[in-house]
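Protein chains in written order, with my numbering: chain L, 55 to 253; chain Y, 7 to 142.
C-beta atoms are modelled at their ideal positions from N, C-alpha and C, and glycine is treated no differently.
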């Protein structure tokens, strides 16, 4: 069973990971974006970790809903409402249970990913965070480690794609040959999940 | 006229200067002394380029006179942040709508229309109609 502390540690581990990888995320965002993905997410997840520390919400749903809310208000770029919606919708789908099973979490996370696709209009293959999140959710039934591997593979597989959403899409064919920063940060989020699960 | 409830307009841009300038432009073209409440929400709270959910929420609250609020945005995170706030349910005043319109032309159309005392649906329609105006 996964409790509020598990999800709080997931967010904290993500903050640490984003902090460590911020320069790389921004470097990936330089040729095809506006070179702020690392610093934006660093600001967002640092605020999330601080808020969870201070307010210590006591259910999995409340942890993710609060985290999503903080991302929407602190990131300043498109990744704020996108990751914010992912976590908020996942949190809402978990309801008010004090503990949830891995299966319940997988179902909730899929609702979150669906909400991101609705918000941003991106589908798999558009060279976005969706290209890491959808394979991760699909693999989650086989465990957190499988989800991490699927997300990392999905992020790497964005390199040959042409961007069809977001600022990178303005570059057309010139977006080909660069790994997508959003898919990369999404793989960090999933990797942090496997890390706190001990897988 | 003074107690007539006017639709409020919020202009969200990645740039504080763009949002403020388009607000001035739209009010100016609506006839200077218009009573339409228009608030810019541009850039991040730190003054950089980007989108601030806090600035958007504050701007929407400041122009809400009870007749609804029309929000116009430039692109990317501005659009997504407003949509995410609307999905929250309680972040923006009741009857706040994201209006699908070109930023500058839509803002002018929205403010001019709101100044007539038109309701939110009419303001939204006028702003959206700005897409149909071809320049060539």
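Exercise for the section: May I ask whether a heavy atom of the ligand MN can be found less than 6 Å away from the beta carbon of residue 57 of chain L? Expected result: Only the bare structure without any ligand can be found here, which leaves the ligand MN out of the picture.
Practice task
Please work out which residues of its chain come closer than 7 Å, Cβ to Cβ, to residue 88 of chain L, disregarding the five sequence neighbours upstream and downstream, and give them in chain order.
Solution key: Along the first chain, one-based indexing puts residue 88 of chain L at 34. Around residue 88 of chain L: 221.
Problem - Proximal residues, the region 117-136 of chain L versus chain Y, C-beta separation under 7 Å - result: 126, 127, 130, 131, 132, 134, 135, 136
Handout entry: Near-chain Y residues of the region 137-151 of chain L - C-beta to any C-beta below 9 Å
Key = Of all residues in the region 137-151 of chain L, only 138, 139, 142, 143 come within less than 9 Å of chain Y when Cβ atoms are compared, listed by chain position.
Handout entry: Where residue 249 of chain L sits in the DSSP three-state scheme
Key = As a working note, residue 249 of chain L is residue 195 in the first chain. If DSSP states are grouped into helix, strand and coil, residue 249 of chain L belongs with the helices.
Practice task
Taking only beta-carbon positions, decide if residue 194 of chain L is within less than 7 Å of chain Y.
Solution key: Counting from 1 along the first chain, the entry for residue 194 of chain L is found at position 140. No, its Cβ sits nowhere closer than 7 Å to a Cβ of chain Y.
Handout entry: Proximal residues, the region 168-187 of chain L versus chain Y, C-beta separation under 7 Å
Key = 173, 174
Exercise for the section: Return helix, strand or coil for residue 106 of chain Y, following the three-state DSSP convention. Expected result: Along the second chain, read from residue 1 onward, the residue named residue 106 of chain Y stands at position 100. Coil, per DSSP.
Exercise for the section: Measure from the alpha carbon of residue 80 of chain L to the alpha carbon of each residue in L:181, L:91, L:139, then state which is nearest. Expected result: Counting from one through the first chain, the residue named residue 80 of chain L turns up at place 26. It is L:91.
Problem - For residue 76 of chain Y and residue 82 of chain Y, the rounded distance between their alpha carbons - result: Position 76 of the second chain holds residue 82 of chain Y. Position 70 of the second chain holds residue 76 of chain Y. So the alpha carbons of these two residues sit roughly 18 Å apart.
Handout entry: Close-in-space but distant-in-sequence residues of the same chain around residue 55 of chain L (CB under 8 Å, 5 per side omitted)
Key = Counting from 1 along the first chain, the entry for residue 55 of chain L is found at position 1. Taken in chain order, the residues that qualify are 153, 154, 155.
Handout entry: Residue range of the unbroken alpha helix (DSSP H) whose run includes residue 119 of chain L
Key = Your numbering for residue 119 of chain L matches position 65 in the first chain. It spans 114-128 - the alpha helix (DSSP H) in which residue 119 of chain L sits, taken as one unbroken run.
Practice task
Have a look at L:216, L:147, L:241, L:96 and flag the residue whose alpha-carbon is nearest the alpha-carbon of residue 163 of chain L.
Solution key: As a working note, residue 163 of chain L is residue 109 in the first chain. Minimum Cα distance to residue 163 of chain L is reached at L:147.
Practice task
Give the C-beta separation of residue 97 of chain L and residue 128 of chain L to the nearest angstrom, bearing in mind that I take them to be a contact with Cβ-Cβ under 8 Å.
Solution key: Counting from 1 along the first chain, the entry for residue 97 of chain L is found at position 43. Counting from 1 along the first chain, the entry for residue 128 of chain L is found at position 74. Yes, they are in contact, since the Cβ atoms of residue 97 of chain L and residue 128 of chain L sit about 6 Å apart, within 8 Å.
Practice task
Verify the CB distance criterion: does residue 60 of chain Y have a CB-CB separation below 7 Å to chain L?
Solution key: Residue mapping note: residue 60 of chain Y aligns to position 54 of the second chain, counting from 1. Closer than 7 Å to some Cβ of chain L, the Cβ of residue 60 of chain Y qualifies, so yes.
Exercise for the section: Just the C-alpha distance for residue 195 of chain L and residue 225 of chain L, rounded to the nearest angstrom, thanks. Expected result: Walking along the first chain from the start, residue 195 of chain L turns up at place 141. Walking along the first chain from the start, residue 225 of chain L turns up at place 171. In this structure, the straight-line span from the alpha carbon of residue 195 of chain L to that of residue 225 of chain L is close to 36 Å.
Problem - Within chain Y, the residues that residue 221 of chain L reaches when beta carbons sit closer than 8 Å - result: Taking the first chain and counting its residues from 1, one reaches residue 221 of chain L at position 167. The answer, in chain order, is 82.
Practice task
Could you check if residue 137 of chain Y is buried or exposed, using at least 16 other CB atoms within 10 Å of its CB as the buried criterion?
Solution key: The residue labelled residue 137 of chain Y in the question sits at position 131 within the second chain. Its Cβ having fewer than 16 others within 10 Å, residue 137 of chain Y is exposed.
Practice task
Have a look at residue 138 of chain L and residue 236 of chain L and give me their C-alpha separation to the nearest angstrom.
Solution key: By 1-based counting over the first chain, the position of residue 138 of chain L is 84. By 1-based counting over the first chain, the position of residue 236 of chain L is 182. Cα-Cα distance, rounded: 13 Å.
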